[in-house]
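In terms of UniProt numbering, the sequence shown has 116 at position 81, counting the first letter as 1, and numbering is strictly consecutive.
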Amino acid sequence: LFARECTFMRGAVALSGLPDATQPEVAFAGRSNVGKSSLINALTGRKGLARASNTPGRTQELNFFDLGGRLVLVDMPGYGFASAPKGMVEKWTRLVNGFLKGRPVLRRAIVLVDARHGLKDSDRDMMTMLDKAAVVYQLVLTKADKIKPAELDEVRDRTLAEIAKRVAAHPTLIATSSETGLGIAELRAELASLA
Ligand code: GDP
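Here is the structure:
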């Protein structure tokens, strides 16, 4: 699947701007700066396809990427800005929650978590939103190259113990690094099974 070309389809700032739901979709979620754009670029092999969105002032939008006409990758706006104004959080919630609840072609959400920090409350809020929307989600650790193997084992165990209690969480956890390529093939294989 990932040998095929990945192209930008469109960005949607509101639910009225979503593309037609004609292909299976996988959505990527995570705190801003978690490494979401780097991971999407590593998966697709296209540098600069997904752009970093780590400025609070940037337009919040859902970005849709077509993967060879077989699967659509949806880059969702990041969350967890400590100083985000209330209006911005409300807008984010309306867009993301509305998308998650009303998208029958959505096969799975990938929730990215920084391996150095583990789960934060904003990630737990995201998981609760996904549980309520009945969207199966899979956690993926990012930036695994930044910590020692023993620390990675520890964060992995802690995270797995926590997702075991969740309704819609997929029971596996993939550790990745966009720098070293760790876990990229494994995640590609997982996504290919959803196309
Ligand atoms: P986004 O805001 O979630 O899209 O995050 P970005 O992909 O822009 O990454 C945020 C920062 O983390 C950038 O400086 C990246 O270079 C860095 N980064 C992302 N992924 C990795 C990784 O796997 N390893 C390392 N060491 N740095 C990473």
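All C-beta atoms in this analysis are idealised placements derived from N, C-alpha and C, irrespective of residue type, glycine included.
These figures come from a predicted structure and were not determined experimentally.
Review point. Which ranges does the beta strand (DSSP E) cover as unbroken runs of at least 3 residues, wholly within the stretch 142-206, from first to last along the chain?
Key: 172-177
Review point. Does the Cβ-Cβ distance between SER212 and LYS178 come in under 8 Å?
Key: yes
Review point. Alpha helix (DSSP H) containing GLY113: first to last residue?
Key: Per DSSP, GLY113 belongs to no alpha helix (DSSP H) and is neither H nor E.
Exercise for review: Kindly indicate which three-state DSSP category VAL61 falls into: helix, strand or coil?
Suggested key: strand
Review point. Are there three or more Cβ pairs, one per stretch, closer than 8 Å when the stretch 37-55 is compared with the stretch 157-166?
Key: no
Exercise for review: For GLY46, name the three-state secondary structure that DSSP assigns.
Suggested key: strand
Point to revise | Beta-carbon contacts of GLU40 that lie in its chain and below 7 Å, excluding the five residues immediately before and after | key: GLY103
Check your understanding: Should LYS178 be counted as a contact of the ligand GDP given a C-beta to heavy atom distance under 7 Å?
Key -> yes
Practice item. Could you tell me whether the stretch 55-70 touches the stretch 140-152, where touching means 3 or more Cβ pairs closer than 8 Å? Key: yes
Check your understanding: Taking just the CA atoms, how far does LYS136 sit from ALA169?
Key -> 8 Å
Exercise for review: With a cut-off of 8 Å on the beta carbons, I'd call GLN58 and VAL107 a contact; round off their distance for me.
Suggested key: 5 Å
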